[in-house]
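J.: Under this note's numbering, the first residue of the sequence shown carries the number 234, and numbering increases by one thereafter.
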Amino acid sequence: MARIVIKEAQASHKLQVVDEEGNIRLRGICMCGLSSNLPFCNGSHRKAEDEEEGVLYTYKENGTREECSIQMGL
């Protein structure tokens, strides 16, 4: 079954990761859904920075985006 998932985040969620030796690294977890390295952020959220409020977009695999509309059946 196919589904549409709507994400509104335009930035990553930062996590501090501590390894066995006590070293701390900062990792970004993708919240926008555009990363090609899920679940980690690769900076692709920058494509969404100029999105307009209230407009729905789809992103193609080549990185381009289009405005779209969804009709929900009841």
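Every residue, glycine too, gets a C-beta built ideally from N, C-alpha and C.
These numbers were taken from a predicted model, which means no experiment stands behind them.
By alpha-carbon positions, which one of E300, F273 and L289 ends up nearest to I262?
T.: F273
J.: Look at the Cβ atom of G276, then the Cβ atom of K240, and state whether they are nearer than 8 Å.
T.: no
J.: In the DSSP assignment, what residue or residues form a beta bridge with A288?
T.: For the sequence presented, residue 288 should be read as Val rather than Ala. BP columns for V288 are empty, so no partner.
J.: Measuring alpha carbon to alpha carbon, tell me which residue in I303, E286, R279 and G287 is nearest T297.
T.: R279
J.: Can you tell me where the beta strand (DSSP E) holding C301 begins and where it ends?
T.: R298 to C301
J.: So for R236, helix, strand or coil by DSSP?
T.: coil
J.: Roughly how many whole angstroms lie between the Cα atoms of S269 and E294?
T.: 10 Å
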